[in-house]
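Everything in the sequence shown is counted per the UniProt record's numbering, starting at 24 for the first residue and increasing by one.
We put the CB at the ideal spot given by N, CA and C, even for glycine.
Predicted model only: the values in this text are computed from it and were never measured.
Please read the structure below before turning to the comments.
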Amino acid sequence: KGHGLRYASFLHQKGYIGGQWVSAASGKTFEVTNPSNGKVIASVPDMDEHDAQMAIDAAYDAFQTWRRTTAKERAILLRKWYSLMEEHKEDLAILMTAEAGKPLVESRGEITYGSSFLEWFAEEARRIHGEVVQSPAPSKEMIFLREPIGVVSMITPWNFPNAMITRKAGAALAAGCTCVIKPAEDTPFSALAAVDLAEKAGIPPGVVNVVTASRPNTPAVGEILCTSPKVAGMSFTGSTVVGQLLYKLCSTGIKRIGLELGGNAPFIVFNGANLKSAVEGLMVAKFRNAGQACISANRILVQSGVYDQFLEQLKEAVSKQLVVGDGFDKGVNQGPIINQSQLNKVSAIVKDSVAAGAHLVTGGNPHKLGGLFYEPTILTEVTEDMPCFKEEIFGPVVAVRKFETEEEALQIANNSDRGLAAYFYSQDVSQVWRVARRLETGMIGINEGLISATEGAFGGVKQSGIGREGSRHGIDDYTNIKYICIGGI
Ligand code: ADP
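Written out as C-alpha cells, the structure reads:
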C-alpha cells in the first residue's frame with residue numbers, strides 16, 4: 024500500500040545514544056512485526072546493559088550543561104519539537120499503525136495527544152518557580168529553589184508508543200533533566216521517530232537517548248536503568264508486576280520514582296443516567312485501542328432500573344459501530360491485540376469467566392480474520408470473583424454486572440487493589456458529589472468516557488501507581504526543592 028514509503032525517512036533501525044544513531048555493541052538485532060499481518064517491519068538493535076550504561080553516561084554528561092540552560096531556551100526547543108511532530112503527524116501515525124496495529128484515526132489522535140505534552144511542557148518550563156517564604160527570625164531569609172533531579176530513566180509500554188514518551192520526556196526536559204528511554208519491544212520505531220524529531224528540533228546530543236532491547240535483554244537493561252549511580256530517577260508506565268520489580272530495584276539507590284501501572288476501572292451507570300451518553304461513553308472508554316489502555320472501563324456496573332435498556336443499547340452499539348481489521352483499512356476502528364501472549368490472556372479471561380458462570384452475549388472467540396484479532400465481546404451475569412472483574416482485561420471485552428443500590432456499587436467499585444480511573448453516569452448532583460468523593464481512584468470521568476488530556480493530572484492510587492503525569496504537577500517528579508537559608512542579615 025506504499026505505507027512503508029511514507030514513513031521510510033522516520034524508520035530508524037538504530038538506537039540513539041549521545042546524539043548518534045548506533046547499533047548494539049554486540050551487533051545483535053531483533054525484528055519488529057506488524058500485529059495486523061504478522062509481517063516483519065524491520066529490525067532494531069538488541070541492546071544490553073553495556074549499551075544502556077553508555078546511554079546513561081551520555082545523559083549524565085549532557086545533564087551537566089543542559090541543567091544550566093535557561094527555561095526559556097528549553098521552552099523554545101520543546102516548542103520546536105512539538106511543531107515538528109505536528110508537521111509530520113501523518114508519517115508518524117502511519118508508522119504507529121504499522122507497529123502497534125492501532126486504527127489510523129486513533130494513531131493520528133495519539134500523535135496529537137503526544138505532541139500536546141511537548142507544547143504544554145514548553146509552556147510550563149518557564150513557570151517552574153521557586154518560593155520565598157516568611158522566616159521566623161528577622162536575621163534570616165528563606166528561599167526554595169526548584170532544581171532538575173538529573174538523569175531520568177524511562178521505560179514505556181506499547182499501547183501508547185508516542186504519548187507515553189512525550190508525557191515523560193517533555194516534563195523531564197522542561198525541568199532541566201536528561202533521559203534514557205527504553206521503549207517497549209513491540210513498538211520501538213515510534214520512539215525512535217519521536218527522538219529523530221527531537222534531534223531535528225535542536226535538542227543537544229545526550230539530552231534524550233533511546234535504548235532498544237528485546238524482551239530477553241530487557242531485565243538486565245531495566246536493572247542498570249534503576250541502579251546506576253548516575254541515574255537520579257525512574258519513570259515507568261506498564262504492568263503492576265514490572266512496576267513492583269522496578270520499585271524494588273530503585274530502593275537501593277533511593278531513586279525518585281514515578282509509576283503509572285495497571286487499572287481496573289469501574290464504569291457505573293446509575294438509574295438516573297442519560298443512557299444514550301452512557302453507552303457512547305462506554306464505547307469510547309472500552310473500545311479505544313481495542314481495550315488496550317490502562318484506563319479502559321473494565322468492570323461495568325449497571326443499576327437494576329436501567330439494566331435491560333442499557334444492555335439493549337450497548338448490544339446495538341457493539342454490533343453496529345465496531346469494525347475489526349487492519350488499522351489501515353477504511354472504516355476499521357478495532358485493530359488487533361498487540362501480540363500472542365496478550366491475546367492468550369484475553370482469551371483465557373473470557374473462557375475462565377464463562378466457565379465460572381458468566382453469560383456470553385456476543386463474541387467470545389478469536390475473530391474470523393485470524394491472526395491476533397479478537398471478537399468484540401459482551402459478558403453479563405458477572406460476579407466479583409470472575410477473572411473478567413478481578414483482572415485488567417486489556418482487550419475488547421465488556422463485562423457487565425447488575426446492582427441495586429449506590430452503596431453496593433461503591434463497594435464493588437472499591438473492592439480492588441487498583442485505583443487508576445473510574446467512570447460513572449448520573450444526573451443527580453448530590454449523587455455526583457457523593458460518589459466522586461468515595462471512589463478510590465486517582466481519576467474519575469463523570470458523564471464522560473474520554474478523560475485523557477495534557478492539562479489533566481494523570482495517575483493512580485493503591486497499586487495503580489505513584490505520582491502524576493501531565494498538568495502542572497507532571498513537573499514534580501523531575502524536580503527537587505533546594506532550601507536555602509541566608510543568615511546574618
Ligand atoms: P505489558 O504486559 O503490557 O507488556 P509490561 O509492564 O510487561 O507491560 O511492559 C511495559 C514495559 O516494561 C515495556 O517497555 C517492557 O519491555 C518493560 N519491561 C518488561 N519487563 C521488564 C523488566 N523485567 N525490567 C524492566 N522493564 C521491563
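In the displayed model, Lys338 falls within a helix according to three-state DSSP. Taking C-beta atoms as the reference points, Pro68 and Ala123 fail to come closer than 8 Å.
Per the coordinates, the alpha-carbon of Lys353 lies some 19 Å from the alpha-carbon of Gly394.
Distance from the Cα of Thr464 is smallest, within the candidate group Gly286, Ile323, Leu402 and Val405, for Gly286. Taken through DSSP and simplified to helix, strand or coil, Arg238 comes out as coil. Short note on Glu208: C-beta closer than 7 Å to some heavy atom of ligand 1. In this structure, ligand 1 has a non-hydrogen atom nearer than 7 Å to the beta-carbon of Leu269. Excluding the 5 residues flanking it on each side, Val155 has same chain C-beta neighbours closer than 6 Å at Ile166, in chain order. In this structure, Val265 has its beta carbon less than 7 Å from a heavy atom of ligand 1. Using a cutoff of 7 Å, the CB of Gly245 counts as near ligand 1, since one of the ligand's heavy atoms is closer than that. Nearest C-alpha to Gly511 among Ile401, Ala160, Ala301 and Ser59: Ala160.
Ranked by Cα distance from Ser66, the options Gly304, Thr210 and Gly348 are led by Thr210. In this structure Pro242 is exposed. Its beta-carbon is surrounded by fewer than 16 other beta-carbon atoms within 10 angstroms.
Secondary structure note for Pro171: its beta strand (DSSP E) is the uninterrupted segment Glu164 to Pro171.
Taking 3 residues as the shortest admissible run, the segment 389 to 424 contains the following complete beta strand (DSSP E) segments, listed from N- to C-terminal end: 400 to 403. When the Cα atoms are used, Lys299 and Gly468 turn out to be separated by approximately 16 Å.
In this structure, Glu404 keeps its C-beta atom at 8 Å or more from the C-beta atom of Gly387. Counting only unbroken stretches of 3 or more residues, the beta strand (DSSP E) elements lying wholly within the segment 420 to 503 are 420 to 426, 444 to 448 and 466 to 469, in sequence order.
Taking Ala194 as the centre and dropping the five residues before and after it, the same chain places the C-beta of Phe144, Gly497, Ile498 and Tyr501 closer than 6 Å to its C-beta, in chain order.
A straight-line Cα-Cα distance of about 19 Å links Gly199 and Ser138. Using a Cβ distance threshold of 8 Å, Ala214 and Leu107 do not count as a contacting pair. At least one heavy atom of ligand 1 lies closer than 7 Å to the C-beta of Pro242. Here the alpha carbons of Gly295 and Leu115 stand approximately 43 Å from one another. Where Trp44 is concerned, the enclosing beta strand (DSSP E) starts and stops at Gln43 to Val45. In the assembly as shown, Gly328 is an exposed residue. Its beta-carbon has fewer than 16 other beta-carbons within 10 Å. Runs of the alpha helix (DSSP H) lying entirely within the segment 325 to 379, each at least 4 residues long, are 330 to 344 and 363 to 378 in chain order.
Taken from the Cβ of Ile489, every heavy atom of ligand 1 lies 7 Å or farther away.
Contact annotation: Val423 and Thr400 have beta-carbon atoms that are not nearer than 8 Å. In this model, Leu337 and Ala85 are separated by some 53 Å (Cα to Cα).
Judged by the Cβ position, Thr235 fails to qualify as a neighbour of ligand 1 at the 7 Å threshold, every heavy atom of the ligand being at least this far.
Check the Cα spacing between Arg91 and each of Ile360, Val230, Ser251 and Ser475: the tightest is with Val230. A direct Cα-to-Cα measurement between Arg169 and Ala340 gives close to 50 Å.
Not a single heavy atom of ligand 1 lies less than 7 Å from the C-beta of Lys278.
Take Glu113, set aside five residues on each side of it, and the residues of its chain with a beta-carbon closer than 8 Å to its own are Arg29 and Arg131, in chain order.
Comparing alpha-carbon positions, the option among Glu246, Ala432, Ile64 and Ser370 lying closest to Pro389 turns out to be Ser370.
Secondary structure of Arg322 (DSSP, three-state): strand.
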